[in-house]
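Since the structure comes first, as structure tokens, the remarks are kept for the end.
There are 4 protein chains.
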Amino acid sequence: MIIVMKRDAGPAEVEAVVARLRDLGCDAHVSSGQLRTVIGAIGDREVIQQIPWEAMSGVEKAVPVLKPFKFVSRDFQPDPTIIEVRGVRIGDPSQFVTIAGPCAVESRDQLFRTAEAVKRAGAQVLRGDAFKPRTSPYSFQGLGEKGLELLAEAREEFDMPFVAEVLDPRDVELVSSYADILRVGTRNMANFTLLQEVGRQPKPVQLKRGFTATVEEWLNAAEYIYKEGNHQIIMVERGIRTFETSARNTLDITAVPVLKNLSHLPVVVDPSHAAGRRELVEPLARAAVAVGADGVMVDVHPTPDTALVDGAQALLPSEFAALMDAIREVAAVVGRRG
Amino acid sequence: MIIVMKRDAGPAEVEAVVARLRDLGCDAHVSSGQLRTVIGAIGDREVIQQIPWEAMSGVEKAVPVLKPFKFVSRDFQPDPTIIEVRGVRIGDPSQFVTIAGPCAVESRDQLFRTAEAVKRAGAQVLRGDAFKPRTSPYSFQGLGEKGLELLAEAREEFDMPFVAEVLDPRDVELVSSYADILRVGTRNMANFTLLQEVGRQPKPVQLKRGFTATVEEWLNAAEYIYKEGNHQIIMVERGIRTFETSARNTLDITAVPVLKNLSHLPVVVDPSHAAGRRELVEPLARAAVAVGADGVMVDVHPTPDTALVDGAQALLPSEFAALMDAIREVAAVVGRRG
Amino acid sequence: MIIVMKRDAGPAEVEAVVARLRDLGCDAHVSSGQLRTVIGAIGDREVIQQIPWEAMSGVEKAVPVLKPFKFVSRDFQPDPTIIEVRGVRIGDPSQFVTIAGPCAVESRDQLFRTAEAVKRAGAQVLRGDAFKPRTSPYSFQGLGEKGLELLAEAREEFDMPFVAEVLDPRDVELVSSYADILRVGTRNMANFTLLQEVGRQPKPVQLKRGFTATVEEWLNAAEYIYKEGNHQIIMVERGIRTFETSARNTLDITAVPVLKNLSHLPVVVDPSHAAGRRELVEPLARAAVAVGADGVMVDVHPTPDTALVDGAQALLPSEFAALMDAIREVAAVVGRRG
Amino acid sequence: MIIVMKRDAGPAEVEAVVARLRDLGCDAHVSSGQLRTVIGAIGDREVIQQIPWEAMSGVEKAVPVLKPFKFVSRDFQPDPTIIEVRGVRIGDPSQFVTIAGPCAVESRDQLFRTAEAVKRAGAQVLRGDAFKPRTSPYSFQGLGEKGLELLAEAREEFDMPFVAEVLDPRDVELVSSYADILRVGTRNMANFTLLQEVGRQPKPVQLKRGFTATVEEWLNAAEYIYKEGNHQIIMVERGIRTFETSARNTLDITAVPVLKNLSHLPVVVDPSHAAGRRELVEPLARAAVAVGADGVMVDVHPTPDTALVDGAQALLPSEFAALMDAIREVAAVVGRRG
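Taken in order, these protein sequences are the chains called A, B, C and D. Take the first sequence: its letter number 265 is residue 265 in the numbering used here, and every next letter is one higher. In the numbering used here, each residue's number is its place in the second sequence (first place is 1) plus 1000. In the numbering used here, each residue's number is its place in the third sequence (first place is 1) plus 2000. In the numbering used here, each residue's number is its place in the fourth sequence (first place is 1) plus 3000.
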């Protein structure tokens, strides 16, 4: 931690900061420039980061040197985490994983038609939600446990693991009893009690970035899960909220290499929710492969114009097959099998 | 809903949209300009807003005419909602309500010293949290039920109702059994299962704006609570996330009159969490009164530099007393008793 | 400057940074923590800030301790700058200044009707533009020099100084030969050649904040003007671009006290351009007075629905008169005469 | 234009809007729903878009159906614009163009070493600026005309056309007399007098996106240039300002396909200025090729740690050579020769 004193801070104020650091068992390095005194605090990060330095008299600002997360950092584990689910390896630098399916499970017919199509085209993991967080209380909220049963049936029929969202800490055990991978959605990225519950499950967790979360906050959320004992975490970039409205969100493609530098966790991109519009999904998916992501997650629907959720962004099965071809070609260039 | 067709949409595509509207029991008004055809959809809002119009062939975009929320709208109830809690009237245009106390309850001594000070200075409602959502899993998470017991004790001692945050749907009954007002925090504004649970309680609810939520999304969240039967909702503006970093968040003071135009619900401003720095709290609180808010909520701490949460923004009791004087003077100018 | 080394930086990389600092005649304080080495650089700010430290091998990031601007800082001049124009004192803590008039000069009749009304209601400075920056090339671009002539005539008729925008470095002398105060608009805040030209004029300059500029960038722009010799700079907050679209921009009311802490320059708020809608202007103007601004600038038009620019935000003369009453009342509470 | 009336708008207010449309020679289609009346305005776009509809009594909002730009739109020209400069074809769907060189020209040696390296690695166009817009007035501002002379010399020596920024309308003729392609920088995207000047030159213009401009505003800026007679416009995406600070800006990769849908103009991506950090440049450049851009523009410097501008983002010549290999491979997958 670096503590910058105010221009008019006096020696007693500097001394108070130094004394407090010493009380905490930390070292203090004082540098006095012409206009500001700066105190470098050296010692146990967790101790130092808990103190409200900016509330102390004479302190202008406190700048952390270290990130607040630990276990999910490359500092802690230099090698990439690879998560294996029914033979699919997510995070393996020689593989590229495609997750596809309907945004929400609406019916057996809709789910099975989609699952069959994405399987045939080459997707390795099925997606489909039974619980949907909806901005308006008047929108379709999902089929609940019935949806999970259908997903489990589709898993056996088409031999694909599936991922499903969990919204409520009270549903974690239920969803975990069906799904191969749990998902914490974008609106729940900072729902810390939910993070703790999924952190206690024996299933991998997809952690979607909050659409207004910084990369650092996102890794802090992963740290919550990791700290509870679940180390199988997949980070999912799905676009952030900006001033631009020509697509639903702004896909933060830069977050992929940034995350790869900071953390050992796998990173997947969701171009469908980022774009919100079908015609943008394929170019964004190609970009995701090229930038170095470990996978993509794509919405597919047999009849998007009757979809109960997010129809405008769902690919038709034929469009998805074309996308898989494109993914495989770009993946080959970056040394991955798609 | 207004449906704008693509430049190259053909008559069959226009006809398909019109036919679908008719099937839904709605009217369709078709206007063909030189470059675009536009279809006005007239009928039941909830029916029309569920259809993924933008997924239909030839549709460029669908623009809603009506807001998606209903009960919390001035269209539904022109008169302001006034919420009465132990004699304090929130939302009454002739009153201005100040809520104050520590960000988190840390100990009996800390809470009681603060409560006594804010009561003496003129605050009407006590704040203090027992459950804290923290970005880092290594930060203090609150005293839990013990904190609620202390708050209940302080309520009796100082004759002030209190508000406390609830984080988890499983804790709603517990918090509701102690607190006079429940709070849904900024990170949970879109935690729909939590919204539904507080919507079933017989206690008023403070709904903090998500720091990245639009005013419309915030009113949708209020609609979730209202729809479950709880009509006592207090909207709390606490700053939004923008590119500017000179304060913790950007207080969206404009949201106050915007909300007053759109909704009948009371609006309170939290300058402490918006600013993140003590010296900004008083000017922002004055602005909140002047702009027409129904109240402010302010962090106070007897020794901010030992605070376990958000010390840098907490006022000292003496600073709070000065703030109350300023609030009363500005409130008088806008016709309120502070 | 604080230079944080990468986790895996070696002694040679640390030594290279230290050697470079010594070559520049600066001191280097090296602090080695368990996970990172940090180097404090002490010496001439302008020398240190020019070096691309982050391009050096082993450097993770360089964090400036001091702001990049100098003359416009409170560090340089603790007392507030007061600018006097024809008897109006802008920046005087006991005065509140209201600037009002049409957004653009459209005709002699429109300008004179507006000027008469705002003068009668108590405005001290007239606004009205002859050159308009318009997003679309198909919009009205202003009357040019003819507009300046009309403004000069109105100044004499109603005994009010006027402020007018200048867009192009080639027009600076022309506008300066007519106007009492020059304005650099929001789209030109980082137009450095224009800043330099107005910096050479003997007239005060209003510097509008770029709607996407940080406070620090805004003060850097002021530094450009100051450095050329013109010290009469008035900062104008006019709303920033955020994700929220319920008003045209998000008025950053917090920027007023932030700026007052950092700089000695006067600060004026433009609620009209921030809001973009007439009904929001009065509450935002009241908030601006309460938060501690030195003045407001307000659009007024005798017939807003025929305005060639920004009609939706212009107040009618009668609305402006009511606003002046509100301003005077709030100003009295904060110790200013409005 | 679609005009939505307020809930409480009366028949006279609706009639006034209709009458005004008729006076303009336009048609009005009135649709009255249960809660709102909506008026569709049909007629000359430029006439309708000039009227301040939202300033009329009873109007809630006016929603444009058509974009405000015309000539740069795919509606106006369906085929892509291809710009040829000394044999390099920018915008040709079978080519991928790499522009590379130093951010700023610092000396003959620095420029020539860089130019030689990028030419050898396969870049087709040289970049290098003689006039630099700098946030701080204390930073290096460029060599001026001397820099242009050096660039012209390098062009002959290495047989590459070059692009250089122009900052000031007074310098347009000068820069145009040397450079093969002019650049309008991100801070000047809305500098309308500069846009008009470059619009009168016989040289192609790179138009960088304002880092806070929407795609629509960016196309409006292009329209300014086009309208003056210069149709050779190259759009350059270089990252936008968001809340995320882990890279300098957020590269809006989605803007590439969005722009390709809306406009016929070529699109180039600048990963160097978006990232601000060397290690992010290659993955972002690969993503730019994969998403469908027509080219990239990359900063290269022989000794980045002595660079006078933006050293942290400059690639070494050896890194650039590796990047060119990667670009060619991804380009081949999307059917382009790089």
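For every residue, glycine included, the Cβ atom is placed at its ideal position computed from N, Cα and C. Please read these numbers as outputs of a predicted model, since none were measured by experiment.
Using DSSP with H/G/I as helix, E/B as strand and the rest coil, what is residue i?
i	result
ILE2225 of chain C	helix
SER73 of chain A	strand
SER57 of chain A	coil
VAL3004 of chain D	strand
VAL1038 of chain B	strand
ARG2170 of chain C	helix
ASP2180 of chain C	coil
LYS2208 of chain C	strand
GLY1156 of chain B	The question names Gly, but residue 1156 of chain B is Glu in the sequence shown. GLU1156 of chain B: helix per DSSP, three-state reduction.
SER1272 of chain B	helix
ILE327 of chain A	helix
VAL1105 of chain B	coil
THR1081 of chain B	coil
THR2250 of chain C	strand
ARG278 of chain A	helix
VAL65 of chain A	coil
ASP1027 of chain B	strand
In terms of alpha-carbon separation, which member of the options lies closest to residue i?
i	options	result
ARG155 of chain A	A:GLY144, A:PRO137 and A:TYR178	A:TYR178
MET324 of chain A	A:MET5, A:CYS103 and A:THR98	A:THR98
ASP339 of chain A	A:PHE158, A:PRO161, A:ARG336 and A:GLY185	No information on residue 339 of chain A is available, as it lies outside the stretch 1 to 338 that chain A covers here.
ALA2104 of chain C	C:ASP2092, C:CYS2026 and C:ARG2134	C:ARG2134
SER3246 of chain D	A:VAL289, A:ILE253 and A:GLY338	A:ILE253
PRO317 of chain A	A:LYS119, A:PHE71 and A:ARG74	A:LYS119
VAL3298 of chain D	D:ILE3083, D:GLY3276 and D:VAL3198	D:GLY3276
LYS208 of chain A	A:ASP92, A:LEU150, A:VAL256 and A:PRO102	A:VAL256
SER3107 of chain D	D:ASP3129, D:ALA3285 and D:GLU3228	D:ASP3129
GLU2153 of chain C	C:ARG2113, C:PHE2096 and C:GLN2095	C:ARG2113
PHE3069 of chain D	C:LEU2148, C:GLU2084 and C:PRO2137	C:PRO2137
List the residues of chain E whose Cβ lies closer than 8 Å to the Cβ of residue i, in chain order.
i	result
LEU1284 of chain B	Looking for chain E here will not work: the only protein chains present are A, B, C and D.
I'd like to confirm the pairing. Which residues does DSSP put opposite residue i in its beta bridges?
i	result
HIS264 of chain A	HIS264 of chain A pairs with nothing; no bridge assigned.
PHE162 of chain A	A:LEU126
GLY2295 of chain C	C:VAL2097 and C:VAL2268
ASP1044 of chain B	Partner(s): none; ASP1044 of chain B has no beta bridge.
GLU337 of chain A	Reading off the sequence shown, one finds Arg at residue 337 of chain A, where the question assumed Glu. In DSSP, ARG337 of chain A forms a bridge with A:GLN95.
VAL2014 of chain C	VAL2014 of chain C pairs with nothing; no bridge assigned.
Report back the beta-carbon spacing between residue i and residue j to the nearest angstrom; my notes put them in contact at under 8 Å.
i	j	result
VAL2281 of chain C	VAL1330 of chain B	With 8 Å as the limit, VAL2281 of chain C and VAL1330 of chain B do not qualify as a contact, their Cβ atoms being about 19 Å apart.
PRO1304 of chain B	GLY1311 of chain B	4 Å
LYS203 of chain A	ASP180 of chain A	7 Å
ILE1234 of chain B	ILE1225 of chain B	Between ILE1225 of chain B and ILE1234 of chain B the Cβ distance is about 11 Å, and since that is not below 8 Å, they are no contact.
THR1214 of chain B	THR2250 of chain C	Their Cβ separation, rounded to whole angstroms, is 11 Å, which puts THR1214 of chain B and THR2250 of chain C out of contact at 8 Å.
Practice item. Closer than 9 Å, Cβ to Cβ, to anything on chain A: give me those residues from the region 3178-3200 of chain D, in chain order. Key: none
Check your understanding: Taking Cβ-Cβ distances below 9 Å as the criterion, which residues of the region 64-77 of chain A are in contact with chain C?
Key -> VAL65, LEU66, ARG74 and ASP75
Point to revise | chain C contacts from the region 3134-3146 of chain D (Cβ-Cβ distance under 9 Å) | key: ARG3134, THR3135, SER3136, PRO3137, TYR3138, SER3139, PHE3140 and GLN3141
Review point. Going along the chain, which residues of the region 211-231 of chain A sit with their C-beta nearer than 8 Å to a C-beta in chain B?
Key: PHE211, THR212, GLU217, ASN220, GLU223, TYR224 and LYS227
Exercise for review: Please name the residues in the region 1012-1034 of chain B whose beta-carbon is closer than 9 Å to at least one beta-carbon of chain D, in chain order.
Suggested key: ASP1027, HIS1029, VAL1030, SER1031, SER1032, GLY1033 and GLN1034
Point to revise | Residues within the region 3301-3333 of chain D neighbouring chain A, beta-carbon criterion of under 9 Å | key: ALA3326, GLU3329, VAL3330, ALA3332 and VAL3333
Exercise for review: Note down, in chain order, all residues in the region 35-58 of chain A with a beta-carbon under 7 Å from any beta-carbon belonging to chain C.
Suggested key: LEU35, ARG36, VAL38, GLY40 and ILE42
Review point. Between the region 3235-3253 of chain D and chain C, which residues of the former have CB atoms less than 7 Å from a CB of the latter, in chain order?
Key: ARG3241
Review point. Any residues in the region 1160-1175 of chain B with a beta carbon nearer than 9 Å to a beta carbon of chain A? Which ones, in chain order?
Key: LEU1167, ASP1168, PRO1169, ARG1170 and ASP1171
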